[in-house]
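Data block below; observations after.
There are 2 protein chains.
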Amino acid sequence: MTMVHPSVHPIEAPPVTDHAVAMPRHTLKDTQGMPGTLGGFLLRSLQFSFAVVSLSVMATTSDFPSVTAFRYLVAAVSLQSLWSLSLGIADIYAILVRRGYRNSRIVSLFSIGDGITSTLTFSAACASAGITVLIGNDLNDCAQNHCSRFETATAMAFMSWFAASPSFILNFWMLASK
Amino acid sequence: MTMVHPSVHPIEAPPVTDHAVAMPRHTLKDTQGMPGTLGGFLLRSLQFSFAVVSLSVMATTSDFPSVTAFRYLVAAVSLQSLWSLSLGIADIYAILVRRGYRNSRIVSLFSIGDGITSTLTFSAACASAGITVLIGNDLNDCAQNHCSRFETATAMAFMSWFAASPSFILNFWMLASK
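Just so you know, the sequences run in chain order A and B. Positions 4 to 181 (this note's numbering) are the ones given, in order, by the first sequence. Positions 4 to 181 (this note's numbering) are the ones given, in order, by the second sequence.
Here it is as structure tokens:
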């Protein structure tokens, strides 16, 4: 019982450093809803659709220019729809070329733009909701006003803000966790 | 010309790992405005003061309960003032015992609470602003309404929101960068 084959068996050393570098550092990078993902594109579509519906419904009422808050709502949802359309196109491009947005500057630009447009949409929706409730509940004056259209436009603006919030929070989180 | 001193000179190895562990990982941890710092306490004081002034001014008008948005403003700034008072006391405690809030759960609780209260305050301020502008500019009916008091209360609620936003953003950033 002696060692008959005292030969050296070479073992491949595991490439420790290369492996560590190849590991993803940020697990949130490919979360659905981030810019450049299908979830992000769906969020942009929802924002755009709700903003356009809100704009159309408000624009069909003949007397919206007489109230400052309703004019402000029209301006805010117009801006929101343009912003969401642009970012949706950017998402489609990123999906087609199979790349995400990793650049810190672009993500901070997206985050700031999302913060501004969603805050404007939310403030306009709140102002319109205050006036709609004033007309409908406090003054009971729906007979000579388009209460249902005002309510629909306000609700759609709120829905647009609901769809815009995840985009803003995810972008901000991605920016902060870098 | 031969080597006359072929002696080995020992060199102290630098303590790489210990040094790396001792380095601070998060440079944002002691930024002024975070919970448990003097800046954080000042922000809380500003939020509390503006919310209390807004509440007092709105409560002195006799006809605020007839408008839903003004009742909502009173409720929202009451909640904001209670929240800011509690967090301000927590900041004073942290300054006195010379410790910050590093616990991830507490910071996420602060962040969520800040998000909710500041959103409520902002929405109430926007709704009140819409109605104040409707009364003052669109209907020109300031003669039989307390326009200036409504405007003051709304402006103070906006100021309270402005002071609440940095707290929320810093807490959220601190939470995301952990």
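The C-beta atom is built at its ideal place from N, Cα and C for all residues, glycine as well.
Rounded Cβ spacing between B:Phe53 and B:Met159 (contact assumed at less than 8 Å): Right, their Cβ atoms sit about 5 Å apart.
Are the CB atoms of B:Leu46 and B:Ser170 within a distance shorter than 8 Å? Taking 8 Å as the Cβ cut-off, B:Ser170 and B:Leu46 qualify as a contacting pair.
Which class does A:Gln35 belong to by DSSP, given the choice of helix, strand or coil? In the structure shown, A:Gln35 sits in a strand (DSSP, three-state: E or B).
Taking just the CA atoms, how far does A:Ala97 sit from A:Phe125? Their Cα atoms are separated by approximately 28 Å.
So A:Leu58 packs on A:Ser89, CB below 8 Å; how close in whole Å? Not confirmed; about 16 Å, so no contact.
Starting from the beta carbon of B:Cys145, find every residue of chain A whose beta carbon is closer than 7 Å, and list them in chain order. Contact of B:Cys145 with chain A by beta-carbon distance below 7 Å is absent, the smallest such distance being about 15 Å.
Secondary structure of B:Ala146, DSSP reduced to three states: Three-state result, B:Ala146: coil.
Closest Cβ-Cβ distance between B:Phe175 and chain A: below 8 Å? Chain A contact via Cβ: present.
Can you check which of these residues, A:Leu123, A:Tyr104, A:Cys129, A:Ser151, is closest to A:Gln35 by C-alpha distance? Sorting A:Leu123, A:Tyr104, A:Cys129, A:Ser151 by C-alpha distance to the C-alpha of A:Gln35 places A:Tyr104 at the top.
Residue interval of the alpha helix (DSSP H) (run including A:Ser69): Careful: A:Ser69 lies outside any alpha helix (DSSP H) and carries neither H nor E.
Assign B:Asn174 to one of three DSSP states: helix, strand, or coil. In the three-state DSSP reduction, B:Asn174 falls in the helix class (H, G or I).
So, does the CB of B:Gly43 fall closer than 8 Å to a CB anywhere in chain A? At least 8 Å separates the CB of B:Gly43 from every CB of chain A.
Roughly how many whole angstroms lie between the Cα atoms of A:Pro68 and A:Leu142? Between the C-alpha atoms of A:Pro68 and A:Leu142 there is a straight-line separation of about 20 Å.
Determine the DSSP secondary structure at A:Thr157, reduced to helix, strand or coil. In the three-state scheme derived from DSSP, where H, G and I count as helix and E and B as strand, A:Thr157 is classed as helix.
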